[in-house]
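Right, one structure below, let's go through it.
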Amino acid sequence: MARQIGDVILDLKNISLRFGGVRALTDISFDVKEHEVRAIIGPNGAGKSSMLNVINGVYRPQEGEIIFRGEHRHNMNTHIASAAGIARTFQNIALFKGMSVLDNLMSGRTLKMKANFLQHALWWGAARNEELAHRAKVEEVIDFLEIEHIRKTPVGRLPYGLQKRVELGRALAAEPSMLLLDEPMAGMNVEEKQDMCRFILDVNDHFGTTIVLIEHDMGVVMDISDRVVVLDYGKKIGDGTPDEVKNNPEVISAYLGTQH
Amino acid sequence: MFYRETGQFKTSYGADQQIFPIRQDRIGVGLVLAVAFLVVPALAGEYWFNAILTPFLIFALAALGLNILTGYAGQLSLGSAAFMAVGAYAAYNFQLRVEGIPILVSFICAGLTAAGVGILFGLPSLRIKGFYLAVATLAAQFFIVWCLTKFPWLSNNSSSGVISTPTVKILGYVFDGARDKYLLVLAIVSVMALMAKNMVRSKTGRSWMAVRDMDVAAEVIGIPLLRTKLLAFAVSSFYCGVAGALYAFCYLGSVEPDGFSLDLSFHILFMIIIGGVGSILGSFLGAAFILLLPILLDVLLPELSSLLHLQLQGSTVSHIQTMVFGALIMFFLVVEPHGLARLWQIAKEKLRLWPFPH
Ligand SMILES: Nc1ncnc2c1ncn2[C@@H]1O[C@H](COP(=O)(O)OP(=O)(O)OP(=O)(O)O)[C@@H](O)[C@H]1O
Ligand SMILES: [Mg+2]
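The listed protein sequences correspond, in order, to chains C and D. Just add 17 to the spot in the first sequence (first one is 1) and you have our numbering. Just add 241 to the spot in the second sequence (first one is 1) and you have our numbering.
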């Protein structure tokens with residue numbers, strides 16, 4: 018691969034997260050390096066989604082430390098995370114159903130837009146120019162994801178696979194430096210999966226975007242990720258390159274020992 | 242009015258981002274405005290201005306205000322009438338107590354006062370949603386009307402809080418005729434509708450809709466939830482406040498707190514349900530529908546009953562009105578939640594394909 022994996026930009030230390038009596042995450046530590054594709058795998062309910070939610074501040078862990086680009090924090094919050102260039106997609110598509118594809122993508126750029134509501138109301142030159150400039154950027158994403166034909170369609174009317182793609186588009190529209198993807202290929206057919214893989218790798222390759230990815234399809238994970246962390250019952254049971262993880266006895270028993 | 246949207250290719254994003262990207266829509270809106278500003282004043286009589294056109298515009302403005310909050314930002318409110326009351330009484334007090342303040346400035350100040358009150362009652366929206374938020378706005382409804390009767394200062398010590406508005410004068414010109422007032426209201430409503438349209442098609446509106454559709458995702462994108470919701474409360478209340486001021490100054494001439502009852506709030510809510518939740522056009526369609534339906538039934542029911550040799554009393558007519566309202570609202574809630582505006586859109590799509598069904 019042409020891209021150069023850089024230094025650690027995200028370091029999670031001894032993260033524990035509980036919901037009442039449920040221990041979603043227990044004492045988990047791992048790191049993410051700049052420009053890499055980092056996968057999180059594990060059986061259902063292992064705490065993978067919770068991990069992503071901790072990284073971008075939707076959940077606040079009771080214990081642990083998050084070091085992002087040298088800044089130490091007890092927890093993230095969504096505002097800091099989004100402003101720092103972390104974008105994400107959700108396991109259960111979280112698009113804005115009543116809006117068109119274009120508007121969904123435009124909303125991804127909210128933080129980059131400065132005009133206020135009064136300027137919008139008056140369609141002031143600056144506000145208008147800003148909307149147009151960002152529209153041009155969004156069109157680049159639309160081209161890249163090959164969704165030109167559905168630009169104006171309300172997302173609620175799109176089939177599942179396309180919705181997943183649009184959600185990736187909304188995250189990409191923010192020009193993130195780190196992309197958190199929660200099962201981007203779940204429920205897709207082989208062809209859609211191939212497309213999605215290609216998009217993810219292209220983003221990573223062209224823009225150097227760091228990618229943290231949850232995926233159940235082992236073939237895909239082993240193919241596209243640089244390093245893999247394995248969770249089970251909220252605990253980390255493996256961490257390393259795809260090959261190392263594949264041959265880790267604990268991981269094998271976790272996957273064979275439970276029905277999925 | 243049917244036409245094809247295809248075939249009008251845009252060569253720049255500027256052209257595609259126009260307020261009405263389709264030429265026929267532009268022409269249509271231009272025509273409506275021309276008729277409203279030029280033809281109607283020449284043709285309509287006193288009754289039309291007083292009983293239909295002016296109240297229609299004012300209610301459309303209030304419905305637009307509620308639609309911003311409920312339709313676009315997804316925050317259900319039952320307090321629209323109260324925010325109208327704030328606007329009416331604020332405009333009255335600004336006129337009364339600020340020496341030489343131009344009437345348009347006091348309308349704007351009335352809107353701003355309503356916006357302030359709206360923000361205050363919008364604060365709970367960070368914690369509560371849907372039904373519970375509606376109950377909180379219900380509290381606003383009762384509390385504000387109660388305040389207006391309780392504190393005589395607000396109505397300049399008039400008995401039971403009734404206020405009579407002064408004549409409307411702008412730059413020395415007195416708006417006293419029904420037509421004058423209609424034109425003034427029309428101008429204000431047109432400008433504010435245009436501003437609303439501009440807001441909802443830009444970042445401001447997208448943020449409102451994002452919060453409405455999926456608040457977690459909105460937050461993750463970096464849209465601040467509280468600020469976005471409060472802005473919706475403020476802008477919505479501003480619109481309702483100005484509508485209230487116009488209601489007092491250009492429509493009724495004298496109002497009392499009880500005129501801004503929960504009943505009126507519900508009427509405005511029905512307007513957006515029937516007209517179309519989350520649609521500017523829908524606010525106008527809904528207001529027209531709710532306002533015209535009783536008039537239509539008033540005219541039709543006696544005809545119908547004499548045709549069927551039935552004796553109808555006045556109270557029966559109003560009962561039938563209530564029933565028809567109820568039935569319609571249920572119809573729209575169940576069958577077409579996007580209201581008349583959506584039906585209009587579907588009709589256009591169908592007509593475009595006519596006479597070929599595929
Ligand atoms: N908001 C929440 N409130 C209560 N419990 C939660 C919450 N979010 C997650 N959990 C619990 O935390 C545990 C881990 O859930 P999580 O969604 O992180 O698992 P996952 O690895 O993503 O599973 P899946 O593969 O099914 O998506 C589960 O037991 C779940 O019930
Ligand atoms: Mg999950």
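By construction, the Cβ of each residue, glycine as well, lies at the ideal position given by its N, Cα and C atoms.
Report the residues of the segment 424-447 of chain D with a CB closer than 7 Å to any CB of chain C, ordered along the chain. Met436, Asn439, Met440, Ser443, Lys444, Thr445 and Arg447
Among Ile254(C), Ser99(C) and Asn109(C), which one has its Cα closest to the Cα of Ala203(C)? Asn109(C)
Let me check you understand the geometry: is the CB of Val238(C) closer than 8 Å to at least one non-hydrogen atom of ligand 1? no
Segments assigned alpha helix (DSSP H), at least 4 residues, entirely inside the segment 519-549 of chain D: 521-548
Residues bridged to Thr227(C) [DSSP beta-bridge criterion]: Met195(C)
For Phe507(D) and Thr408(D), the rounded distance between their alpha carbons: 30 Å
With 9 Å set as the bound, which would you pick, yes or no: does the beta-carbon of Glu460(D) sit closer than that to a beta-carbon of chain C? yes
Going by DSSP in three states, Lys181(C) sits in which element: helix, strand or coil? helix
Cβ-based contacts, 7 Å cut-off: residues of the segment 253-281 of chain D near chain C: Tyr254, Gly255 and Gln258
How about Ser124(C): is its C-beta nearer than 9 Å to some C-beta of chain D? yes
Looking at ligand 2, does it come within less than 8 Å of Glu200(C), judged from the CB to the closest heavy atom? yes
Determine, for Arg152(C), whether the minimum Cβ-Cβ distance to residues of chain D falls below 9 Å. yes
Going by C-alpha to C-alpha distance, which of Val426(D), Ile360(D), Gln316(D) and Gly328(D) sits closest to Ser278(D)? Checking the displayed sequence, the identity of residue 278(D) turns out to be Phe instead of Ser. When only C-alpha atoms are compared, the closest one is Val426(D).
Quick check: is the beta carbon of Asp219(C) nearer than 9 Å to any beta carbon in chain D? no
How many Å lie between Met440(D) and Lys370(D) at the Cα? 23 Å
To the nearest angstrom, report how far apart Ile349(D) and Cys481(D) are at their CA atoms. 11 Å
Member of Ser405(D), Pro343(D), Ala434(D) and Asn397(D) whose CA lies at the smallest distance from the CA of Tyr414(D): Pro343(D)
Measuring from the CB of Ala582(D), is there a heavy atom of ligand 1 at a distance below 8 Å? no
Per-residue DSSP class, three states only, for Lys370(D): coil
Taking only three categories from DSSP, how would you classify Pro578(D)? coil
Alpha carbon to alpha carbon, how far is Pro296(D) from Asp539(D)? Give it in angstroms, no decimals. 18 Å
Less than 8 Å between the CB of Lys65(C) and some heavy atom of ligand 2, yes or no? yes
Between Gly463(D) and chain C, is any beta-carbon pair separated by less than 9 Å? yes
When burial is assigned at 16 or more other CB atoms within 10 Å of the CB, is Glu163(C) buried or exposed? exposed
Looking at ligand 1, does it come within less than 8 Å of Ala111(C), judged from the CB to the closest heavy atom? no
I'd like to know whether the C-beta of Val346(D) is nearer than 9 Å to at least one C-beta of chain C. no
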